[in-house]
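A.B. asks:
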Amino acid sequence: MAALFLAPLYILINAYVVRWMIRWMGACHRLFQTMAFRASFIGVYIILATALLTGFLIKKPANLHRILKHTGNYFLGTFIYILLVIAVVDFGRLILKYIFHAPFIGHRSTFVITGLICTILIISLSVYGILHVTHVKTTPYEINVEKTVDGMDSLKIVLLADTHFGYSMGTAQAKRIVKKINTENPDVVCIAGDIFDNEYDAISKPDKLKEILKGIKSKYGVYACWGNHDLNEPILAGFTFNGTEDNYNDPRMEEFLTDAGIHLLDDESVLIDNKFYIVGRRDASRCEKVEGSRATPAQLTESLDQGKPIIFIDHQPKELDETAAAGVDLDLCGHTHDGQIFPGNLIIHLFWENSCGYLRKGTMHNIVTSGAGIWGPNMRVGTNSEICPITVHFNN
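Numbering (the numbering used here), first residue to last: 210 to 605.
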């Protein structure tokens, strides 16, 4: 319903953007003032601006559906910067014109040069953001857990989250991720949800992707929990559309994890080599649509030996106080993407106690990764795709 109310606003914003783009191009050259050019430009712009909608509506042929989805994701990121840059410059123009009465504001040359600078800035941000997604960074952490583990002085964990395998993230990104993980020679790998991007069919080569992920090498294996996007749910520009539990739950996702050698922990715990626990928690949002409820941190840990290290995997960094009170030593999360693109990275901390990075809660360590993939706009600006190697030292 919210999407229907926001649709007119989206149209008005695009009209504002197109108006300024046409005015600037017309100031650059007479050719851009012709009706033929303006009609062609507006036509192409409409195709790009509605690609997400047409991709949502047109399912077949599959290749056209995929092209529209890709186009919409690329346009969405670029559009954010087109709007942001034009709005900031337009606001500055109004201040200079009506407050400072700057005489150069009305000059054609000023308009052309300003527009050129804006165009270069928008293109630079967009290209950088698209390319930067593919650079998977390693963000290491080192922590101490005040527990004794027989025969183990330390544990090397690699935290991975938010791969969002689908239209934008595929086998190429998976290869980069696996290579980075294996370079760390981890004891165990923990995936904190959002492995998929709402549609299993969005993965173009699922069998090849499985084989790549099976290449992750670790001593104790790979463990994962679900995220809020690990279900079958139609999404249009961030808005979801209601379905039934049977529609949401796509069994192919769990089968994929099994085939890829990834152990799913769905409100479950496992004792590894009689040394430490890994607990995978149901996602707070997903369980409302699929399972209906999830256990509390206390319920998940009440039967565990508190003398052994307890590692939690919980997609969203929520209920940190409750998790710490339940005796958890290390809480591993994702979900936030650290805001993914500027200016989101500047405000994301307003919504989460720990939006990205490290936080200490009593004796519990909470680490939130920005993720190794993207959601929505196919770019990262001001944030990184990453894996997080975590060295846990014990009290031996």
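Virtual Cβ for every residue (Gly too), placed ideally from N, Cα, C.
These numbers come from a predicted model, not from an experiment.
Expressed to the nearest angstrom, what Euclidean distance is found between the alpha-carbon atoms of G470 and T259?
C.D. replies: Taking the sequence shown and counting its residues from 1, the one referred to as residue 470 is at position 261. Taking the sequence shown and counting its residues from 1, the one referred to as residue 259 is at position 50. The alpha-carbon atoms of G470 and T259 are separated by roughly 39 Å.
A.B. asks: The beta strand (DSSP E) that contains L418, what's its start and end?
C.D. replies: Working through the sequence shown from its first residue, we reach residue 418 at position 209. Careful: L418 lies outside any beta strand (DSSP E), inside the alpha helix (DSSP H) at 415-422.
A.B. asks: Which runs of the alpha helix (DSSP H) at least 4 residues long sit entirely within the region 258-302? Give them in chain order.
C.D. replies: Here the runs fully enclosed are 260-266.
A.B. asks: Would you mind sorting G379 into buried or exposed? The rule is 16 or more other CB atoms within 10 Å of its CB.
C.D. replies: To locate residue 379, count along the sequence shown from 1; it is residue 170. G379 should be labelled buried.
A.B. asks: Inspect the beta-carbon positions of G402 and D492 and report whether they are closer than 7 Å.
C.D. replies: Taking the first residue of the sequence shown as 1, we reach residue 402 at position 193. Taking the first residue of the sequence shown as 1, we reach residue 492 at position 283. Contact: yes.
A.B. asks: Quick one: using the 10 Å Cβ neighbour count with 16 as the cut-off for buried, is F560 buried or exposed?
C.D. replies: The residue labelled residue 560 in the question sits at position 351 within the sequence shown. It is exposed - the Cβ of F560 has fewer than 16 other Cβ atoms within 10 Å.
A.B. asks: Between the C-alpha atoms of L541 and Y376, what's the straight-line distance to the nearest angstrom?
C.D. replies: Translated into the one-based positions of the sequence shown, residue 541 becomes position 332. Translated into the one-based positions of the sequence shown, residue 376 becomes position 167. Roughly 26 Å between the two C-alpha positions.
A.B. asks: Just the Cα atoms here: how many angstroms apart are P415 and R232?
C.D. replies: Here residue 415 is taken as the residue at index 206 of the sequence shown, counted from 1. Here residue 232 is taken as the residue at index 23 of the sequence shown, counted from 1. Each residue's alpha carbon lies about 46 Å from the other.
A.B. asks: Quick one: what's got a C-beta closer than 7 Å to E500's C-beta in the same chain, skipping five residues either side?
C.D. replies: Locating residue 500 in the sequence shown gives position 291, where the first residue counts as 1. Cβ within range, chain order: R491.
A.B. asks: Within the same chain, show all residues whose beta-carbon is closer than 8 Å to that of K388, passing over the 5 residues directly before and after it, in chain order.
C.D. replies: Locating residue 388 in the sequence shown gives position 179, counting from the first residue. Contacts found: none.
A.B. asks: Return the first residue and the last residue of the beta strand (DSSP E) that Y350 is part of.
C.D. replies: In the sequence shown, residue 350 corresponds to position 141, counting from 1. Y350 -> beta strand (DSSP E) spans 350-353.
A.B. asks: Would you mind working out which of I366, M234, G324, I251 sits nearest G430, comparing C-alpha positions?
C.D. replies: Translated into the one-based positions of the sequence shown, residue 430 becomes position 221. When each option's Cα is compared against that of G430, the closest is I366.
A.B. asks: When the Cα atoms are used, what is the spatial distance from N458 to A370?
C.D. replies: The sequence position of residue 458 within the sequence shown is 249, counting from 1. The sequence position of residue 370 within the sequence shown is 161, counting from 1. Taking the straight line joining both Cα atoms gives about 20 Å.
A.B. asks: Verify whether the separation of the beta carbon atoms of G489 and C434 is less than 7 Å.
C.D. replies: For the purposes of this step, residue 489 is identified with residue 280 of the sequence shown, where counting begins at 1. For the purposes of this step, residue 434 is identified with residue 225 of the sequence shown, where counting begins at 1. Their beta carbons are under 7 Å apart, which means G489 touches C434 by this criterion.
A.B. asks: Are at least three pairs of beta-carbons, each pair with one atom in the region 468-487 and one in the region 310-321, less than 8 Å apart?
C.D. replies: No, the region 468-487 is not in contact with the region 310-321.
A.B. asks: Which whole-angstrom value is the C-beta distance of R589 and I550, which I expect to be below 8 Å?
C.D. replies: Within the sequence shown, numbered from 1, the residue matching residue 589 stands at position 380. Within the sequence shown, numbered from 1, the residue matching residue 550 stands at position 341. With 8 Å as the limit, R589 and I550 qualify as a contact, their Cβ atoms being about 6 Å apart.
A.B. asks: In chain order, which alpha helix (DSSP H) runs of at least 4 residues are fully inside the region 495-538?
C.D. replies: The region 495-538 contains these whole alpha helix (DSSP H) runs: 495-498, 506-510, 529-534.
A.B. asks: Report the three-state DSSP secondary structure of Y591 (helix, strand or coil).
C.D. replies: Within the sequence shown, residue 591 is the residue found at index 382, counting from 1. Reading the sequence as shown, one finds Gly at residue 591 and not Tyr. Correct three-state label for G591: coil.
A.B. asks: Starting from C399, follow its DSSP beta bridges and name the residues at the other end.
C.D. replies: On the sequence shown, residue 399 is found 190 positions in, with the first residue counted as 1. Answer is L368, Y432, bridged to C399.
A.B. asks: Using a 10 Å radius around the Cβ and a threshold of 16 neighbouring Cβ atoms, would you call Y337 buried or exposed?
C.D. replies: Position 128 of the sequence shown, counted from the start, is the residue given in the question as residue 337. The residue in question, Y337, is exposed, as its Cβ has fewer than 16 Cβ neighbours within 10 Å.
A.B. asks: Mind checking which residues open and close the beta strand (DSSP E) that includes E477?
C.D. replies: Locating residue 477 in the sequence shown gives position 268, where the first residue counts as 1. That run of the beta strand (DSSP E) goes 477-481.
A.B. asks: Would you list the residues sitting across from G489 in a DSSP beta bridge?
C.D. replies: Taking the sequence shown and counting its residues from 1, one reaches residue 489 at position 280. DSSP lists E477, I522 as partners of G489.
A.B. asks: Looking only at C-alpha atoms, which of Y567, D410, N604 sits nearest to F465?
C.D. replies: Locating residue 465 in the sequence shown gives position 256, counting from the first residue. It is D410.
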